[in-house]
Amino acid sequence: MKKTILVAMLVLGLVATTGADGTVLLNAAGATFPYPIYSKWFDVYHSAHSNVQINYQSIGSGGGIRQLQAGTVDFGASDGPMTDEQLSQSKVKILHFPTVLGAVVPTYNIPGVSGELNFTQQAIAGIYLGKITKWNDPEIVKANSGVKLPNDDIVVVHRSDGSGTSYIFTDFLSKVSPEWKSKVGTNTSVNWPVGLGGKGNEGVTGLVKQTPDAIGYIELIYAVQNNIPFGKVQNAAGKFLKADLAGVTAAAAGAAKDMPADFRVSITNAPGATAYPISSFTWLLIPAQIPDANKRAAIKDFLAWMLKDGQNYNEALSYAKLPAPVVAKEQKAIALIQ
Amino acid sequence: MSQMVEDMRLRWRKALNIVMLTLTGVAAFAVVAVLFLILGYLIYNGGKSLNWDFFTKLPKPVGETGGGMANAIVGSLKLLFLAAIIGLPIGLMTGVYLAEFGGKTFSFITRYTTDLLNGVPSIVIGIFAYALVVLPVKHFSTLAGGVALAIMVIPITVRSTEEFLRAIPGSMREGAMALGASKWRTIATVILPAASGGIMTGMLLSLARVAGETAPLLFTAFSNRYWSNGWQQPIASLPVMIYTYAIAPYDDWHRQAWAAGLVLLGLVLVANLGCRLILNRRGAYRSV
Amino acid sequence: MATSATTMDNAAPPESGLRAFVHKLRNGDEVAHIITLIFAATILLITSLLVYELWINSSLSRSKFGLMFFFTRVWDPVSGDFGALPFIYGTLVTAVVSLAIAVPLGLAAAIFLAELAPRRLSDAIAFLIDLLAAVPSVIYGLLGIFIVVPLMRTTIGPLLKHTLGFLPLFSGPNYGVGFLTAGIVLAIMVVPFIISVSREVLLTVPREQREAAQGLGATRWESTWQVVVPWARTGIMGSVFLALARALGETMAVTMVIGNDPKIATSLFAPGYTIAAVIANEFTEATGNLYLNALIELGLVLFLMTFILNGLARLLIVATERGGGRPA
């Protein structure tokens, strides 16, 4: 019986070595943040083009960049744009294509406080720098008149794993706080001055939920999908905004005018009264040269589809659509892929 | 006078006897309670989301019901198969060497190295297999995943094989030799069968352990939303699916993650039962 | 006068190298010896290759930090300043805590299952315990978050503070996550190895040993603790090695419950970080060669720690070798 099983498996393995003819199999890797929408897109695209299989795995933005440079995947995805240094190290020229927009929101768990809190930019920076240590600090109180904040120590929670969400959040902090910029900086992983590290959005959420007086930052889609209450953040124009898709798209629209040709831009703390300050693009990283004709055609076709039909799936999954001027620029940029 | 002391000592020893034996019972009970808690939690959360689709369909993107993990189930089986045929023979033979043939220094070095290998974090083994099998050919593959898991299977197998071979009393060896059997014949026909129960326990334990490993597969087998053909393509596996789904924002995926955990456990259970039935053993060589 | 063909050829001249080797091969035992030796050597090859890869891929960080890597407390990916000390500390503490819980518990349970429980029950329970080893570490992590962390925060923590709070070990704020929680989760993960292997080894102890002890008037416990367990000592130590190895290298479950804060603290309630956890957390996102090299160097450091710990443990075995046990 055991022998039969062994033989059967060997035969299965040998027989199954030939792939289906005409199938274009693309492997891609990168950011976890857009994984839900990407998996939706690739699935819908596959239904319409049954010979194209795009296998995307969310191993992290850094992983995506590295695998792309090593040549083990056909394209990558990242929540933070590649730096000049990384681009110069790459043997192949890499093009950035923004796909969707997302936002980061502050969530908290304060005994006795049930409403939405307003956070000034200095309040968030101060809390995460470890300088504001109590909930009834004047910086927090002054934006929340009428709310009884306790004299408790703030328990700060951040991400322990390197992530695009941290990148966006620290990018925002670097822009609003020179002290943060010089002391800590922007990256997917930083040397956090204070706080506990939770793994992934659910790690942070779990810690915040279970620990009184805690504050953490999570992705908007995660908060919406799991009904997690979150607060308002003050934007560059001084308004306190609760994150929503309109606010995120407004942040991107403000940046669209000065969009660089390679689409590498940060839109945190964007100007505009309706712009949500902790927003960001996420990008697909496509090699400028793709030798395989089938793969090249498939990727270019997918990008064109993504910019038109694909965007219609965004909002149902709580991702914001790309603003029209950006879409137009990207459609032209597809021609750059040789 | 000394009679009283004797009595007191005896009573103390008897009391100690009862206390300690009870404590062992308590310990066993505590462990079993935790075990049932874990299994219960898993069954409850996983059972809720288990349906026929789970076993037959491919994953669906979030928001659509009816997806499954059929490819991940097959993937885990294929990977475990590779891990077994590469890792178990190495482990078994090394165990035999250490127990029966080993010279003093070389044995010491081998044992030490095996323990070292056992302590390497699974993600480092994954990185190693990546450098060895993925980079040279520039693509992820089932083979790479199998190699990574095989490396993790070896140390536990070595240790348990050696321990249970050593447990066979010298009288059995001497008996066989007295009948004229050469050393290797003794090992093959007398010692190994006698120790097979314990050795098998070790092998199953090592396979069970790697069945749930995620980190070594992330850079080797990668994962796959579709069916994987042959041994050279990326392949889905239950632990990686669990990991991906568990950290996602969606409740539906969380439930699927629990279901996958339950299925994984079920696979290991079936493998355990199957092997024991086939080999018809009921444990290591026992003297009682 | 040698007429029998089975006597040794001390009259014939010694054969030259190759001929001697081929002659040996006709001897089945030698063949078996060589084959098994080759397999054993494979393990050495794999491990050497592993260390080589780790060494090569951490060259940037090794040349930049040198020995100070072991003593620096900072871990800053932005400024490029990396040090291993908090992670070494965290790895040691969690491993020690987990073994301190798992070894007594596991050994006691194994004794119960091997000596006292009826055979059927013992087999059934052992079978189920083997299953625990197959539970993916992600699931242990989730269970840690949902069950152990709240328990620690609401029940266990306050209890410990109430009774032992004067010790620096149990001082400071209790968030629920931390060294102690990670140690407990690890203990649950490694206890199946200890129970499974120890139980099997205890069952191999010859019946005569127990009977002899009891014949001399020993109580059941005395014969178990002073005769049976020492006889199975090396096997039990082996299971502890397995457990230690798993505790040192565990990634997913630990990172979910330890708080992931690279700081050194005396309190077990404080959050910490282990080598395996930080590699698992940051490896996929690490861009930049120095960062990557530093993470791989941490892997090398863990290897070194395992090397030393194993050495110490073996010395411990040798030191306790005298005093009865199964003849090696």
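Protein chains in written order, with the numbering used here: chain C, 1 to 338; chain W, 1001 to 1288; chain S, 2001 to 2328. Using N, Cα and C, we set each Cβ at its ideal position, and we do this for glycine too.
Checklist entry - Residue range of the alpha helix (DSSP H) that C/Gln122 falls in? => result Gln121 to Leu129
Item to check | Partners in chain C for S/Arg2153, counting only beta-carbon separations shorter than 8 Å | outcome: Gln210 and Thr211
Next on the checklist: Can you tell me whether W/Gly1119 is helix, strand or coil according to DSSP?
Outcome noted: helix
Checklist entry - Can you tell me the Cα-Cα spacing of C/Pro325 and C/Phe263, whole angstroms? => result 12 Å
Item to check | Opening and closing residue of the beta strand (DSSP E) in which C/Lys232 lies | outcome: Lys232 to Gln234
Item to check | Whole-angstrom C-beta distance between W/Ala1236 and W/Asn1224, which should lie under 8 Å | outcome: 5 Å
Item to check | Which of helix, strand or coil DSSP assigns to S/Leu2049 | outcome: helix
Item to check | Buried or exposed (CB count within 10 angstroms, at least 16 for buried), C/Asp161 | outcome: buried
Checklist entry - Using DSSP with H/G/I as helix, E/B as strand and the rest coil, what is C/Gln53? => result strand
Next on the checklist: Strictly below 8 Å CB to CB, what residues from chain C border S/Thr2074?
Outcome noted: A quick correction: the sequence has Val, not Thr, at residue 2074 of chain S. Neighbours of S/Val2074 on chain C, chain order: Asn191.
Checklist entry - Using the C-alpha atoms, what's the distance from C/Gly80 back to W/Asn1071? => result 32 Å
Next on the checklist: By the three-class DSSP mapping on this structure, what secondary structure does S/Gly2324 have?
Outcome noted: Reliability of the predicted coordinates at S/Gly2324 is poor, the pLDDT of 44 falling under 50, and no value is obtained from them.
Next on the checklist: So that I know if they touch, is there some Cβ in chain C lying closer than 9 Å to that of S/Pro2158?
Outcome noted: no
Checklist entry - Using a Cβ cut-off of 7 Å, which residues of the region 2194-2227 of chain S contact any Cβ in chain C, in chain order? => result none
Checklist entry - Who are the neighbours of C/Ala333 on chain W, taking C-beta pairs under 8 Å? => result By Cβ distance, chain W contributes nothing, its closest Cβ being about 26 Å from C/Ala333, past 8 Å.
Item to check | C/Gly102 in three-state terms, based on DSSP | outcome: strand
Next on the checklist: Is it buried or exposed, S/Glu2297, if we count other Cβ atoms within 10 angstroms and call 16 or more buried?
Outcome noted: buried
Checklist entry - Taking just the CA atoms, how far does S/Ser2223 sit from W/Ile1125? => result 43 Å
Checklist entry - If contact means a Cβ-Cβ distance below 9 Å, which residues of the region 64-75 of chain C contact chain W? => result Gln67, Ala70, Gly71, Thr72 and Val73
Checklist entry - Residues in the region 1109-1128 of chain W with C-beta within 7 Å of chain C's C-beta atoms, listed in sequence order? => result none
Item to check | Proximal chain S residues relative to C/Asn187, where beta-carbon distance stays under 7 Å | outcome: Pro2077 and Val2078
Item to check | Those residues which DSSP pairs with W/Ala1208 across a bridge | outcome: DSSP output for W/Ala1208 lists no bridge partner at all.
Checklist entry - If you run the structure through DSSP and keep just helix, strand and coil, what is S/Lys2263? => result coil
Next on the checklist: For a contact defined as C-beta to C-beta under 7 Å, what are the partners of W/Thr1161 on chain C?
Outcome noted: Simply none; closest approach about 19 Å.
Checklist entry - Is the Cβ-Cβ distance between C/Ala320 and C/Val248 less than 9 Å? => result yes
Next on the checklist: Output needed for W/Met1241: all residues of its chain with C-beta closer than 6 Å, excluding positions within five of it in sequence on either side, in chain order.
Outcome noted: Met1069, Ala1072 and Ala1260
Item to check | Residues near C/Glu139 by beta carbon distance below 8 Å, same chain, minus five either side | outcome: Thr120, Gln122, Ala123, Gly126 and Ile132
Checklist entry - Any C-beta of chain W sitting closer than 9 Å to the C-beta of C/Glu407? => result The first residue shown for chain C is 1 and the last is 338, placing residue 407 of chain C beyond what the model contains.
Checklist entry - Within 9 Å (strictly less), CB to CB, does C/Tyr276 reach chain W? => result no
Checklist entry - Just curious, the beta strand (DSSP E) that C/Asn27 is in, first and last residue? => result Val24 to Gly30
Item to check | Distance between S/Arg2220 and W/Tyr964 (C-alpha atoms, nearest Å) | outcome: There is no way to answer for residue 964 of chain W, as the model of chain W reaches only from 1001 to 1288.
Item to check | Beta-carbon proximity check, W/Pro1234 vs W/Phe1222, cutoff 9 Å | outcome: yes
Item to check | S/Leu2298 in three-state terms, based on DSSP | outcome: helix
Item to check | Rounded C-alpha distance that separates W/Ser1287 from S/Thr2234 | outcome: At W/Ser1287, the pLDDT of 47 sits below 50, so the modelled position is not reliable; the number obtained from the coordinates is stated separately. Going by the C-alpha atoms only, they are around 18 Å apart.
Checklist entry - Between which two residues does the alpha helix (DSSP H) containing C/His46 stretch? => result Tyr35 to Ala48
Next on the checklist: Tell me the rounded alpha-carbon separation between S/Pro2230 and W/Val1026.
Outcome noted: 22 Å
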